[in-house]
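Residue numbers (our numbering), protein chains in the order written: chain A, 15 to 317; chain B, 383 to 669.
Every residue gets a Cβ at the ideal spot worked out from N, C-alpha and C, and that includes glycine.
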């Protein structure tokens, strides 16, 4: 009895579930190969010196000490990434919810139309290079053109080549792009909230839409709120494409460097794979850690 | 009491509150849509209008010359434009079909069966929603090169099969299928595979659409960056990037290509919007 019978029972159960495993196998095999194993390899490589030519050499915590103590650009990258996460994360999350919530009060036709308007930027196939035209450095760019026309500027500003303007512009563009899957999930979630709860709430003395929101809508949507949080947080930590497309790579004085662009720099330009893996591991820890923390906080909504 | 019941959600609403919320919606809606309107108009502007001061949002003398410029430009390049289109359509098409099939097959047992390791497997997939693929880019490159997939379409297509968001949504959606339906089929002697193929799959058709849109978005915008080097295997998005980098002389063609790139996914979404939202609504996401 005990251990042995538990195992034989499990084994029997597994044999009986043969078909489940067969159905799962193709997906799980690929998932293992392109997600799980890479994470493990990345963590292992982060403790080595590896240049793709020689076999990786174990060097302990050296990559990490170099990263945090000697790499000034990494500190800029961390600072920028946190700035992105702290600003675009919560704002885009709240925006996703607020706009979904207002849109939900419209008639079905208007609802569909406004959903399209808010969702279009994120779905339109990475056309954020439109912003290159808007913030183009000559006076034909919309931003320069209008500011000159209205008399705020005398000559065009090199928006994306001036350190002070780069981050605010990237944050703006990132926010523009950020009403994506999370937004759709909120739109969908709002439609599932049980209507009778609102009627019951009105009887129980809920006076306005804000009370309705806090006591009925938000608690009913907890699963979507969690899902949205994961999506928004993960994207706000992963900013890279927009930075590279708009500010260039590397950007002026690394003003737009993020953890991911730093990772790309060491991984694909300098071929310091061990070091790049350490960057990836740090990013992985930050992302998963924050996500779990935020989920914990969200469990308290409406309590 | 009757008024409350028939008034649906309209109780507890102040007019001023509604007006200010809708004003908010309009202001931010404009912020979202103006850059897109600018891009659409730019595609039809003659070159002198693109470079006019002060810049204008709307086109005055619309022309198709940017599109013909684009065609001329591309017919001069040694990889024909149709090749880029083919590459993107191929990658997107195969990627979507493979993902829908594999993710559905995996979602079915996760949603409806009980077996050892189920909870663990699903939790690992959920965990992977929490980080960006950039984290695994380097080992992925190594794995691709071991497999000999560097500089082939497969380096972009196959990992898309195992995209975790699709499996997550599909599993949540499948949980809504009544167990009685599956039991009945089992009693009639259908095998698990038959149940999956003839009962579960037709029942989750709306969820396919959501997966299709998600994956379309991802693959349509991919430029094969880092995996594909041969010019004749590159995607539309890569070609577009090259044209847009071209500067002033190509500004018109660049605007045209931007319009082409964005109009396809937006059109697709317009036609599938209500079904997608329905799917996400009924997929009853749980903690």
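Check: Compute the Euclidean distance between the alpha carbons of residue 611/B and residue 19/A, then round it to the nearest angstrom.; Outcome: 56 Å
Check: Taking any Cβ of chain A, which residues in the segment 646-657 of chain B have a Cβ under 9 Å from it, in chain order?; Outcome: 646, 647, 648, 650, 651, 652, 655, 656
Check: Using the rule of at least 16 other Cβ atoms within 10 Å of the residue's Cβ for burial, across every protein chain shown, is residue 221/A buried or exposed?; Outcome: exposed
Check: Quick check: residue 189/A and residue 231/A, are their CB atoms within less than 9 Å of each other?; Outcome: no
Check: Leaving out five residues before and five after residue 176/A in sequence, what residues of the same chain have Cβ atoms less than 8 Å from its Cβ?; Outcome: 266
Check: Quick one: is residue 222/A near chain B, going by C-beta distance under 9 Å?; Outcome: yes
Check: Specify the secondary structure class of residue 63/A as computed by DSSP and reduced to three states.; Outcome: strand
Check: Can at least three beta-carbon pairs, one atom from the segment 64-71 of chain A and one from the segment 210-221 of chain A, be found at a separation below 8 Å?; Outcome: no
Check: The alpha helix (DSSP H) spanning residue 273/A covers which residue range?; Outcome: 273-278
Check: So, with DSSP's three-state summary, where would you put residue 72/A?; Outcome: strand
Check: Considering residue 195/A, what are the terminal residues of the alpha helix (DSSP H) in which it resides?; Outcome: 195-206
Check: At the 9 Å Cβ level, is residue 659/B part of the contact set with chain A, yes or no?; Outcome: yes
Check: Per the contact definition of three or more C-beta pairs closer than 8 Å, is the segment 577-585 of chain B in contact with the segment 84-93 of chain A?; Outcome: no
Check: Which residue comes first and which comes last in the alpha helix (DSSP H) that contains residue 470/B?; Outcome: 463-494
Check: Thinking C-alpha only, which one of 262/A, 50/A, 286/A, 23/A is nearest residue 511/B?; Outcome: 50/A
Check: Starting from residue 541/B, find everything on chain A with Cβ-Cβ shorter than 9 Å and list it in chain order.; Outcome: 44, 47, 48, 49
Check: Whole alpha helix (DSSP H) runs in the segment 495-537 of chain B with 4 or more residues, listed along the chain?; Outcome: 500-510, 519-529
Check: For residue 556/B, which residues in the same chain have their Cβ closer than 7 Å to its Cβ, ignoring the five residues on either side in sequence?; Outcome: 489, 490, 493, 494, 582, 586
Check: In three-state terms, what does DSSP make of residue 235/A?; Outcome: coil
Check: Give every residue of the same chain whose Cβ lies closer than 8 Å to the Cβ of residue 453/B, excluding the five residues on either side of it in the sequence, and list them in chain order.; Outcome: 463
Check: Counting only beta-carbon separations shorter than 9 Å, does residue 520/B have a partner in chain A?; Outcome: yes
Check: Determine which residues of the segment 436-457 of chain B have a Cβ less than 8 Å from any Cβ of chain A, and write them out in chain order.; Outcome: 436, 437, 439
Check: When the Cα atoms are used, what is the spatial distance from residue 480/B to residue 486/B?; Outcome: 10 Å
Check: Quick check on residue 557/B - is its C-beta less than 9 Å from some C-beta in chain C?; Outcome: Any reference to chain C falls outside this structure, whose protein chains are A and B.
Check: Tell me which residues share the same chain as residue 125/A and place their Cβ nearer than 6 Å to its Cβ, disregarding the 5 neighbours each side in the sequence.; Outcome: 117
Check: How about residue 134/A and residue 532/B: do their beta carbons lie closer than 9 Å?; Outcome: no
Check: Note down, in chain order, every chain A residue with its Cβ under 9 Å from the Cβ of residue 588/B.; Outcome: Correct list: empty, because the minimum Cβ distance to chain A is about 12 Å.
Check: With a CB to CB cut of under 8 Å and the five nearest residues on each side skipped, what residues in its chain are close to residue 615/B?; Outcome: 469, 533, 534, 535, 606
Check: Using the beta-carbon count (16 or more within 10 Å), is residue 286/A buried or exposed?; Outcome: buried
Check: Using a Cβ-Cβ cut-off of less than 9 Å, give me the residues of the segment 202-227 of chain A that come near chain B, in sequence order.; Outcome: 202, 203, 204, 205, 206, 209, 212, 213, 215, 216, 217, 220, 221, 222, 223, 224, 225, 226
Check: Residue 251/A touches chain B at which residues, Cβ-Cβ below 9 Å?; Outcome: 513, 514
Check: Does the segment 237-253 of chain A come within contact of the segment 69-76 of chain A, defined as at least 3 CB pairs closer than 8 Å?; Outcome: no
Check: Taking Cβ-Cβ distances below 8 Å as the criterion, which residues of the segment 404-428 of chain B are in contact with chain A?; Outcome: 404, 406, 407, 410, 411, 413, 414, 415, 417, 418, 420, 421, 424
Check: Measure the alpha-carbon distance for residue 418/B versus residue 424/B and round it to whole angstroms.; Outcome: 10 Å
Check: Considering only the beta carbon of each residue, do residue 516/B and residue 277/A sit closer than 9 Å?; Outcome: yes
Check: List the residues of chain B that residue 131/A touches, going by C-beta distances under 7 Å, in chain order.; Outcome: 411, 414, 415
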